[in-house]
Amino acid sequence: MKNLKTPKLTVVGAGPGDVDLITLKAIKALENADVVLYDALVNEELLQYATKAEIVFVGKRLGCHAYTQDQINELIVSMANRFGHVVRLKGGDPFIFGRGSEEIEYVEKFGLETAVVPGISSALGVPASVGISLTQRQVAESFWVITGTTSNHKLSKDVDLASKSNATVVILMGMHKLNEIVAIYQENRNDDLPIAIIQNGTKNSEQKVVGNISSITKLVADKNISSPAIIVIGEVVKNTSKLTSYFQEHAEDEFIFQNLNLE
Ligand SMILES: C[S@@+](CC[C@H](N)C(=O)[O-])C[C@H]1O[C@@H](n2cnc3c(N)ncnc32)[C@H](O)[C@@H]1O
Numbered sequence: 021m022k023n024l025k026t027p028k029l030t031v032v033g034a035g036p037g038d039v040d041l042i043t044l045k046a047i048k049a050l051e052n053a054d055v056v057l058y059d060a061l062v063n064e065e066l067l068q069y070a071t072k073a074e075i076v077f078v079g080k081r082l083g084c085h086a087y088t089q090d091q092i093n094e095l096i097v098s099m100a101n102r103f104g105h106v107v108r109l110k111g112g113d114p115f116i117f118g119r120g121s122e123e124i125e126y127v128e129k130f131g132l133e134t135a136v137v138p139g140i141s142s143a144l145g146v147p148a149s150v151g152i153s154l155t156q157r158q159v160a161e162s163f164w165v166i167t168g169t170t171s172n173h174k175l176s177k178d179v180d181l182a183s184k185s186n187a188t189v190v191i192l193m194g195m196h197k198l199n200e201i202v203a204i205y206q207e208n209r210n211d212d213l214p215i216a217i218i219q220n221g222t223k224n225s226e227q228k229v230v231g232n233i234s235s236i237t238k239l240v241a242d243k244n245i246s247s248p249a250i251i252v253i254g255e256v257v258k259n260t261s262k263l264t265s266y267f268q269e270h271a272e273d274e275f276i277f278q279n280l281n282l283e
């Protein structure tokens with residue numbers, strides 16, 4: 021039987037992890053979805069809003085892709101033609117290192133209607149949630165958001181450029197390149213520059229570490245911090261009252277606290 025619904029794709033940002041950090045518009049899209057295709061970084065509790073949808077996990081776990089990008093593109097088109105409204109639910113904001121625009125470009129070639137629901141990117145939401153003000157007045161006049169892993173698996177050359185500025189730098193997908201990032205900052209800046217790393221930001225499993233360029237590699241190893249995590253580098257990290265009190269509360273982290281020289 022032919023599907024009578026208009027085939028449509030809505031690319032939706034799920035926010036950084038805390039279920040309350042999704043938008044009302046995203047919830048309405050989920051309620052209205054006939055199919056939801058979701059990624060690994062999405063909090064699965066959000067799927068409760070998709071009461072009438074077929075739900076498919078298309079993400080990457082333990083290094084294994086459930087589907088390639090080409091397969092996801094094709095799946096969106098075939099599901100939309102079969103069932104109607106496909107919601108593509110992605111972590112954070114779908115257009116920040118999220119390939120949302122590529123999926124839209126692909127399905128539009130097949131005549132599908134498309135829409136985008138922005139989300140709170142981890143690049144902004146995670147620092148804010150631990151009290152880091154990326155553009156704190158009189159400390160930072162701008163911030164960069166850079167990928168640690170470009171499409172050819174290299175660290176973006178922009179890290180070198182950004183490290184020569186006074187900007188706050190936020191690096192996504194950078195944990196495997198932490199040594200390289202530290203070496204760049206040691207070359208271009210100084211060992212005391214503060215750096216924070218937050219894994220699973222805004223989720224119950226959140227872990228964070230604060231140090232400076234010279235101490236961070238050891239701290240990350242000691243606390244066993246890994247992906248998914250964001251790296252925030254710049255003087256604004258030092259002025260983070262929430263992180264200061266966090267580390268004051270954790271006696272075992274005294275070493276970290278000392279490393280930052282927080283007053
Ligand atoms: C493929 S990118 C997708 C980013 C996403 N579109 C966004 O706007 O947040 C995945 C990377 O985002 C970062 N990330 C996403 N969610 C995170 C979270 N809750 N805590 C820390 N980092 C996160 C990590 O660097 C992770 O490797």
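The sequence shown lines up with residues 21 to 283 when you count with our numbering. Where is the CB? At the ideal position from N, CA and C, for every residue including glycine.
Looking only at its own chain, which residues have a Cβ that is under 7 Å from the Cβ of LEU41, when we skip the five neighbours before and after it? GLY35, ILE140, GLY145, THR222
Could you give the residue range of the alpha helix (DSSP H) that holds LYS238?
236–243
Q.
Suppose you measure from the CA of TYR87 to the CA of VAL76; what does that come to, to the nearest Å?
A. 11 Å
inquiry  = Can you tell me whether GLN219 sits near ligand 1, meaning its C-beta is under 7 Å from at least one heavy atom of the ligand?
reply    = yes
| said: Any heavy atom of ligand 1 closer than 7 Å to the beta-carbon of ASP40? | reply: no
For ILE204, three-class secondary structure by DSSP: helix
### Query
Would you call the CB atoms of VAL179 and ILE215 closer than 8 Å?
no
Going by other Cβ atoms of all chains shown within 10 Å of its Cβ, with 16 needed for buried, is SER235 buried or exposed? buried
Which same chain residues end up closer than 8 Å to ALA70 when comparing Cβ atoms and leaving out the 5 residues on each side of it in sequence? LEU50, GLU51, ALA53, VAL56, VAL107
- Message: Rounding to the nearest angstrom, what Cα-Cα distance links VAL31 and THR43 in this structure?
- Response: 13 Å
Compare the beta carbon distance of LYS197 and LEU175 with 8 Å and say whether it is the shorter of the two. yes
- [ ] List the whole-angstrom C-beta distance separating ALA143 from VAL190, where the pair is believed to meet the contact cut-off of C-beta under 8 Å.
- [x] 5 Å
In the structure shown, what three-state DSSP assignment does ILE291 receive?
Since the first and last residues shown for the chain are 21 and 283, residue 291 lies out of range.
Requested in this report: Determine the contact status of LYS48 and GLY104, defining contact as a CB-CB distance below 8 Å.
Outcome: no
Problem set entry | Beta-carbon separation (whole angstroms), GLY79 vs ASN220, contact threshold 8 Å | Incorrect: roughly 15 Å between the Cβ atoms, too far for contact.
Unbroken stretches of the alpha helix (DSSP H), 4 residues or longer, contained in the stretch 27–78: 44–52
**Asked** Out of curiosity, what's the CA-to-CA distance linking LYS25 and VAL97?
**Response** 13 Å
message: Just to confirm the assignment, what range does the alpha helix (DSSP H) spanning GLN91 have?
response: 89–103
Per DSSP, cross-strand counterpart(s) of HIS85:
LYS80
> Is any heavy atom in ligand 1 found nearer than 7 Å to the beta carbon of VAL189?
Replying inline: no
*For LYS243, which residues of its own chain have a beta-carbon under 7 Å away from its beta-carbon, when the five flanking residues on both sides are left out?*
GLN227, VAL229
Look up GLY168 in the DSSP assignment and say whether it is helix, strand or coil.
coil
- Query: Under a Cβ-count criterion, where at least 16 other Cβ atoms within 10 Å of its own Cβ denotes burial, should ALA203 be classed as buried or exposed?
  - Reply: exposed
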